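Visitor: Be aware that the sequence shown starts at 7, since it is given in the working numbering, and climbs by one per residue.
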Amino acid sequence: MAQAKEVAGRTGEQADSVHAGCQMLQLEPYTAPAWAATLKGVPRQRYRLAQLPTPVHPWAVPGLPPGCELHIKRDDLTGMQLSGNKVRKLEFLLAEAREKGHDSVLTIGGIQSNHARATAVAARYLGMESHLILRNSDELLDQDPGVTGNLLVERLVGAHIWQVSTEELMRLRSKGLGDALAAQLRQRGLNPYFVALGGSSVLGVWGYLDMMRELEQQTAGQGFTDIAVACGSSGTALGIALGSRLAGPGLRVHAYCVCASLAFFYRHCDMLLAELGAAPEVLGCSAEGLLRIVQAQGEGYAKSRPEELECIAEVAAATGIILDPVYTGKALHGLVSEMAADPGAWAGRKVLFVHTGGLLGMYDKAAQLAPLVQRAGRAHRLTVPPAADGEAA
Ligand SMILES: *Cc1c(COP(=O)(O)O)cnc(C)c1O
7 MAQAKEVAGR
17 TGEQADSVHA
27 GCQMLQLEPY
37 TAPAWAATLK
47 GVPRQRYRLA
57 QLPTPVHPWA
67 VPGLPPGCEL
77 HIKRDDLTGM
87 QLSGNKVRKL
97 EFLLAEAREK
107 GHDSVLTIGG
117 IQSNHARATA
127 VAARYLGMES
137 HLILRNSDEL
147 LDQDPGVTGN
157 LLVERLVGAH
167 IWQVSTEELM
177 RLRSKGLGDA
187 LAAQLRQRGL
197 NPYFVALGGS
207 SVLGVWGYLD
217 MMRELEQQTA
227 GQGFTDIAVA
237 CGSSGTALGI
247 ALGSRLAGPG
257 LRVHAYCVCA
267 SLAFFYRHCD
277 MLLAELGAAP
287 EVLGCSAEGL
297 LRIVQAQGEG
307 YAKSRPEELE
317 CIAEVAAATG
327 IILDPVYTGK
337 ALHGLVSEMA
347 ADPGAWAGRK
357 VLFVHTGGLL
367 GMYDKAAQLA
377 PLVQRAGRAH
387 RLTVPPAADG
397 EAA
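Structural data, given as structure tokens:
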């Protein structure tokens, strides 16, 4: 059994006292878009956690091929503490948790998981306790994980953090670790709701199926041909691709994966499609026919190559939009690399890049980003008029 050691600053044995949450959220009945009504597992209810609709606007990233138009959908603006893509999934997941009478939420991710942070914040809004299983490097497992980036927000909202090693995650998978911690929490009298890694369960996918309804309303008649998005646990890309196919002619969906193998993601997507009642017999194709998953992990999950960081710095300086090093920076770098390799293939295309957030995760990369920022040299010593004779200091 994994030796999950709790590190958050409260005594592990006692449950939180009852928290009121922020008391502004009500469960709402949910109606699926007409084109999705025949899928299985249509959510019954949702919470409105995200600030929607998020904007869509043109995005003049340097070096686009001639005749190719790029726009961006700002899912980095779904909220402040709740920024990014995970909150769309949590609207349905936490509605189910509440509906089924759970009092606490349990999920899993990397040490700088945006998903874990969004889950912790949303749970606290709803007055629920959160328990986060976070994978960290072996030598750091018995230490306090610190307060960088997402961790600061998680710990401020009172999340309980449980660190595990990569080996433990590989051996027990997220399900096994979740079951182990859930058993311990039940012994303390809690009734935890398990949110899958990245929120990419069938119910989580509904967050991005529903996003396609929002996008349809925003961009009707604008002639988009392609959607590009980062892929980490694949629920976002799958929701987009399935929604796009069911809603109409279907856009080409390019999912730039930042970890694992293409085979792994296609398998996971096929499994989700089957659970959604969209197996190949029904849909006419498997995940491979529905979306294009592109390998973009470079050095590996959460490890940055200089060219990826250069891309982030260049795009920020040119457009003011900040991509994160773990997901969106790799996705955009993957997209522009493909465009540079074969510009002709992108002529006449109108591409929508879905910005899935991640700003808080980037604080952890400050040391690597510092030289790029300092190179721009825009910090100066301000010269001010000297003090007049006799003027008090
Ligand atoms: C989780 C995450 C993704 C990937 O979404 P999945 O649905 O897990 O594939 C992309 N970008 C950011 C910033 C994320 O936090």
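Beta carbons: idealized from backbone N, C-alpha and C, even for Gly.
Fair warning: this is a prediction, and the values are worked out from it, not measured in the lab.
Going by DSSP, what residues sit across from A236 in a beta bridge?
Guide: Looking up residue 236 in the sequence shown gives position 230. For A236, which the question treats as bridged, DSSP gives the partners Y262.
Visitor: With H, G and I counted as helix, E and B as strand and the rest as coil, what does DSSP make of I246?
Guide: On the sequence shown, position 240 is the one that residue 246 refers to. In the structure shown, I246 sits in a helix (DSSP, three-state: H, G or I).
Visitor: With respect to 7 Å, is the separation between the Cβ of H121 and the closest non-hydrogen atom of ligand 1 below this value?
Guide: Here residue 121 refers to the residue found at position 115 of the sequence shown. Yes, the beta carbon of H121 sits closer than 7 Å to at least one heavy atom of ligand 1.
Visitor: Would you call the CB atoms of A236 and V264 closer than 8 Å?
Guide: Residue 236 sits at position 230 when you count from the first residue of the sequence shown. Residue 264 sits at position 258 when you count from the first residue of the sequence shown. Taking 8 Å as the Cβ cut-off, A236 and V264 qualify as a contacting pair.
Visitor: Could you give the distance in angstroms between the alpha-carbon of V435 and the alpha-carbon of R387?
Guide: Coverage of the chain is limited to positions 7 through 399, which leaves residue 435 absent and any answer about it impossible.
Visitor: So, with DSSP's three-state summary, where would you put K371?
Guide: Walking along the sequence shown from the start, residue 371 turns up at place 365. Helix.
Visitor: For F270, count neighbouring Cβ atoms within 10 angstroms of its own Cβ and tell me buried if that reaches 16, exposed if not.
Guide: To locate residue 270, count along the sequence shown from 1; it is residue 264. When all chains shown are included, F270 counts as exposed.
Visitor: For G306, verify whether its CB is less than 7 Å away from any heavy atom of ligand 1.
Guide: Taking the sequence shown and counting its residues from 1, the one referred to as residue 306 is at position 300. G306 Cβ: outside cutoff for every heavy atom of ligand 1.
Visitor: Do you know whose CA, among T231, A261, V159, lies nearest T125's CA?
Guide: The count along the sequence shown starts at 1 and reaches residue 125 at position 119. Here the closest residue by C-alpha is V159.
Visitor: Assign T172 to one of two classes, buried (16 or more other C-beta atoms within 10 Å of its C-beta) or exposed (fewer than that).
Guide: By one-based count along the sequence shown, residue 172 stands at place 166. When all chains shown are included, T172 counts as exposed.
Visitor: Relative to the alpha-carbon of K92, which residue among E316, Q29, E75, G115 has its alpha-carbon at the smallest distance?
Guide: Walking along the sequence shown from the start, residue 92 turns up at place 86. The residue with the shortest Cα to Cα distance from K92 is G115.
Visitor: With hydrogens ignored, establish whether the beta-carbon of T334 is closer than 7 Å to any heavy atom of ligand 1.
Guide: Locating residue 334 in the sequence shown gives position 328, counting from the first residue. Yes - ligand 1 has a heavy atom lying nearer than 7 Å to the Cβ of T334.
Visitor: May I ask you to report which of helix, strand or coil DSSP gives F359?
Guide: Along the sequence shown, one-based indexing puts residue 359 at 353. Looking at F359 - three-state DSSP - the assignment turns out to be strand.
Visitor: Are the region 217-235 and the region 248-267 in contact at 8 Å, needing three or more beta carbon pairs?
Guide: Yes, they touch.
Visitor: Please classify Q118: is it buried, with 16 or more other beta-carbons within 10 angstroms of its beta-carbon, or exposed?
Guide: Indexing the sequence shown from 1 puts residue 118 at position 112. So Q118 ends up on the buried side.
Visitor: Just to confirm, does T154 get its C-beta within under 7 Å of one of the non-hydrogen atoms of ligand 1?
Guide: For the purposes of this step, residue 154 is identified with residue 148 of the sequence shown, where counting begins at 1. Result no, Cβ not under 7 Å from ligand 1.
Visitor: Determine the direct distance from the alpha carbon of W352 to that of S136, and round the result to whole angstroms.
Guide: Here residue 136 corresponds to residue number 130 of the sequence shown, with the count starting at 1. Here residue 352 corresponds to residue number 346 of the sequence shown, with the count starting at 1. Going by the C-alpha atoms only, they are around 44 Å apart.
Visitor: What residue range does the alpha helix (DSSP H) around W212 cover?
Guide: Looking up residue 212 in the sequence shown gives position 206. Run containing W212: 208-225, per the alpha helix (DSSP H) assignment.
Visitor: Using a beta-carbon distance below 8 Å, is P59 in contact with chain B?
Guide: In summary, chain B is missing from the structure at hand, where a single protein chain is found.
Visitor: Say the cut is 7 Å; is the CB of K79 nearer than that to a heavy atom of ligand 2?
Guide: This structure lacks ligand 2; the ligands present are ligand 1.
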